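J.:
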Amino acid sequence: MAADTLNAGNNRIVTYLRLSVTDRCNLRCRYCMPPEGVSFVPHEEILSFEEMARVVRLSSLHGIRKVRITGGEPLVRKGLTPFLKTLSSLEGLDEITLTTNGVLLEDYARDLKNAGIRRINISLDSLKPQRFLKITGRDYFDKVIAGIRAAQEEGLSPIKINVVVMRGINDDELLDFAALATEKPIHVRFIEFMPIGGKNGWRPEEFVSIDEMLEIIRQAWPLTPIESGKLDGPALKFRLGKGDGEIGLIGALSNHFCAKCNRLRLTAEGQLRGCLFSDQEIDLKGPLRSGAGDDLLLELMRRAVETKPENHNLLRRGPRKCARLMSSIGG
Numbered sequence: 039m040a041a042d043t044l045n046a047g048n049n050r051i052v053t054y055l056r057l058s059v060t061d062r063c064n065l066r067c068r069y070c071m072p073p074e075g076v077s078f079v080p081h082e083e084i085l086s087f088e089e090m091a092r093v094v095r096l097s098s099l100h101g102i103r104k105v106r107i108t109g110g111e112p113l114v115r116k117g118l119t120p121f122l123k124t125l126s127s128l129e130g131l132d133e134i135t136l137t138t139n140g141v142l143l144e145d146y147a148r149d150l151k152n153a154g155i156r157r158i159n160i161s162l163d164s165l166k167p168q169r170f171l172k173i174t175g176r177d178y179f180d181k182v183i184a185g186i187r188a189a190q191e192e193g194l195s196p197i198k199i200n201v202v203v204m205r206g207i208n209d210d211e212l213l214d215f216a217a218l219a220t221e222k223p224i225h226v227r228f229i230e231f232m233p234i235g236g237k238n239g240w241r242p243e244e245f246v247s248i249d250e251m252l253e254i255i256r257q258a259w260p261l262t263p264i265e266s267g268k269l270d271g272p273a274l275k276f277r278l279g280k281g282d283g284e285i286g287l288i289g290a291l292s293n294h295f296c297a298k299c300n301r302l303r304l305t306a307e308g309q310l311r312g313c314l315f316s317d318q319e320i321d322l323k324g325p326l327r328s329g330a331g332d333d334l335l336l337e338l339m340r341r342a343v344e345t346k347p348e349n350h351n352l353l354r355r356g357p358r359k360c361a362r363l364m365s366s367i368g369g
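Each number in the working numbering comes from the position in the sequence shown (counting from 1) with 38 added on.
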């Protein structure tokens with residue numbers, strides 16, 4: 039195995055960095071933040087864009103090929119587009135993408151395109167305005183739809199829509215979302231509701247497995263499996279009928295992909311996480327701010343990668359892993 043790669047063992051080479059640029063968000067989604075709200079990290083505790091760029095540059099020299107910018111909501115952080123231009127200029131990166139809730143996307147779509155972003159993911163859990171309000175706590179449905187249209191007009195493609203499926207909340211919209219992939223070149227990702235953070239209101243009766251989702255969709259359209267690319271995520275992908283788009287199903291609980299996980303996460307306050315579902319973290323902020331050289335930073339990255347478990351069991355009874363809220367991890 040090449041010495042300059044980030045190797046998690048068992049043939050798992052880390053090539054994908056998910057970078058949270060802020061823990062702040064302009065929505066209050068029921069599965070991401072508790073109803074009483076959260077205390078945000080003080081600004082001075084958040085990594086600067088210069089510190090983040092240093093980490094990305096170093097990781098790109100050691101096998102990272104894809105970077106996804108997340109939050110919180112990344113578009114609420116000032117100075118994001120110049121930072122994206124900096125990342126786009128780095129050699130070694132094949133892809134820089136961004137996940138957004140879409141609220142500010144209409145204003146930023148052109149800037150994102152000019153900064154080097156070619157495709158985006160948009161989190162949207164309902165196509166019904168009143169239900170959107172209930173799930174997110176904000177009456178911004180029309181803003182999100184306008185943002186999607188703006189992204190299409192700017193040629194950001196493919197547009198992926200991420201849907202967290204919750205029984206009794208939005209599972210009756212499964213086919214409505216899937217239909218988007220038959221009407222336009224949109225990729226829809228259905229995601230199992232995960233017990234992250236301990237305060238996100240996760241209840242087993244709201245859980246819908248990807249097998250159940252797939253069975254419902256299969257009754258409406260013929261499904262053609264799509265092979266995943268080298269930098270793709272863990273979704274099981276399908277073409278629906280003769281549509282231009284596709285659907286994907288991410289079964290982090292019922293069909294976990296730990297054995298093939300190629301991801302590393304960096305939180306906005308500089309904590310490296312080898313696994314979304316574990317609370318093991320390696321601090322990069324301290325070393326970054328105390329003058330650490332690249333050799334030490336690389337060693338810390340390797341330690342974070344080595345914490346990646348071979349599997350998880352989030353559905354077991356007993357104390358639940360991952361006390362951090364999803365908004366502070368970056369998804």
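Each residue gets a CB set at the ideal place from its N, CA and C atoms; glycine is no exception. On a predicted model such as this, the values are computed, not experimentally measured, just so you know.
Identify every run of the alpha helix (DSSP H) within the region 165 to 241, keeping only runs that are complete inside it and at least 4 residues long; order them along the chain.
T.: 167 to 174, 179 to 191 and 212 to 221
J.: Under 8 Å between the Cβ atoms of residue 220 and residue 261?
T.: no
J.: Determine the direct distance from the alpha carbon of residue 145 to that of residue 106, and round the result to whole angstroms.
T.: 20 Å
J.: Between which two residues does the alpha helix (DSSP H) holding residue 325 run?
T.: 323 to 327
J.: When we look at the beta-carbon of residue 41 and count the other beta-carbons within 10 Å, is it buried (16 or more) or exposed?
T.: For residue 41, the predicted model reports a pLDDT of 49, less than 50, meaning its position is unreliable; a value from the coordinates is still stated below. When all chains shown are included, residue 41 counts as exposed.
J.: According to DSSP, which residues form a beta bridge with residue 266?
T.: Per DSSP, none; premise fails for residue 266.
J.: Between which two residues does the alpha helix (DSSP H) holding residue 155 run?
T.: No residue range can be given for residue 155, since it is assigned to no alpha helix (DSSP H) and is classified by DSSP as neither H nor E.
J.: Express the C-alpha separation of residue 191 and residue 335 in angstroms, rounding to a whole number.
T.: 40 Å
J.: Measure the C-alpha to C-alpha separation of residue 357 and residue 234 and round it to an integer number of angstroms.
T.: At residue 357 the pLDDT is 44, less than 50, meaning the model places this residue with poor confidence; the figure from the coordinates comes in the next sentence. Going from the Cα of residue 357 to the Cα of residue 234 covers about 12 Å.
J.: Work out the CA separation of residue 305 and residue 188 for me, nearest whole Å.
T.: 29 Å
J.: Tell me, please, whether the region 140 to 156 touches the region 108 to 125 by the rule of three or more beta-carbon pairs shorter than 8 Å.
T.: yes
J.: Taking all protein chains shown into account, decide if residue 341 is buried (16 or more other Cβ within 10 angstroms of its Cβ) or exposed.
T.: It is exposed - the Cβ of residue 341 has fewer than 16 other Cβ atoms within 10 Å.
J.: Is residue 311 helix, strand or coil by DSSP?
T.: strand
J.: Under the rule that 16 or more other beta-carbon atoms within 10 Å means buried, what is residue 265, buried or exposed?
T.: Answer is exposed; the Cβ neighbour count stays below 16.
J.: At which residue ranges does the region 107 to 138 contain complete alpha helix (DSSP H) runs of 4 or more residues, listed in the order of the chain?
T.: 118 to 126
J.: Kindly give me the distance between the Cβ atoms of residue 58 and residue 110, rounded to whole angstroms, as I take these residues to be in contact under 8 Å.
T.: Sure, about 7 Å apart at Cβ, within 8 Å.
J.: Using CA atoms only, rank isn't needed, just tell me which of 79, 93 and 66 is closest to residue 338.
T.: 93
J.: Rounded to the nearest angstrom, what separates residue 385 and residue 53 at their Cα positions?
T.: Here the chain has residues from 39 to 369 only, and residue 385 is not among them.
J.: Check whether the Cβ of residue 292 lies closer than 8 Å to any Cβ atom in chain C.
T.: Looking for chain C here will not work: only one protein chain is present.
J.: Would you report the Cα separation of residue 115 and residue 180, rounded to the nearest angstrom?
T.: 22 Å
J.: Helix, strand or coil for residue 58, going by three-state DSSP, please let me know.
T.: strand
J.: Run the CB neighbour count on residue 81, radius 10 Å, all protein chains shown included, and call it buried at 16 or more, exposed below.
T.: exposed
J.: Return the chain-ordered list of same chain residues with a C-beta closer than 6 Å to the C-beta of residue 346, the five sequence neighbours on each side being excluded.
T.: 46, 312 and 313
J.: Less than 8 Å separating the beta-carbons of residue 285 and residue 245?
T.: No; because the gap between Cβ atoms is not below 8 Å, this pair is not in contact.
J.: Give me the DSSP bridge partner(s) of residue 141.
T.: Bridge pairing for residue 141: absent [DSSP].
J.: Would you kindly report the start and end of the unbroken alpha helix (DSSP H) that includes residue 254?
T.: 248 to 256 is the span of the alpha helix (DSSP H), which, as asked, contains residue 254.
J.: Which of helix, strand or coil does DSSP assign to residue 33?
T.: It is not possible to answer for residue 33, since the shown part of the chain is limited to 39 through 369.
J.: Suppose the cutoff is 7 Å on Cβ atoms and the five residues either side in sequence are ignored; what does the same chain contact list for residue 138 look like?
T.: 111, 112, 113, 158 and 160
J.: With a threshold of 7 Å on Cβ separation, who are the neighbours of residue 276 within its own chain once the five nearest residues in sequence on each side are excluded?
T.: Same-chain partners within the cutoff: 261, 262, 263, 264, 284 and 285.
J.: Let me check understanding here. Comparing Cα to Cα, which of 281, 307, 300 and 273 lies closest to residue 291?
T.: Comparing Cα-Cα distances from residue 291 to each of 281, 307, 300 and 273, the minimum goes to 273.
J.: Which same chain residues end up closer than 8 Å to residue 63 when comparing Cβ atoms and leaving out the 5 residues on each side of it in sequence?
T.: So the qualifying residues of the chain are 70, 71, 109, 110, 111, 114, 139 and 365.
J.: Between the Cα of residue 328 and the Cα atoms of 75, 89, 55 and 60, which residue gives the shortest distance?
T.: 89
J.: Applying the 10 Å Cβ sphere with the 16-neighbour rule, what's the burial state of residue 55?
T.: buried
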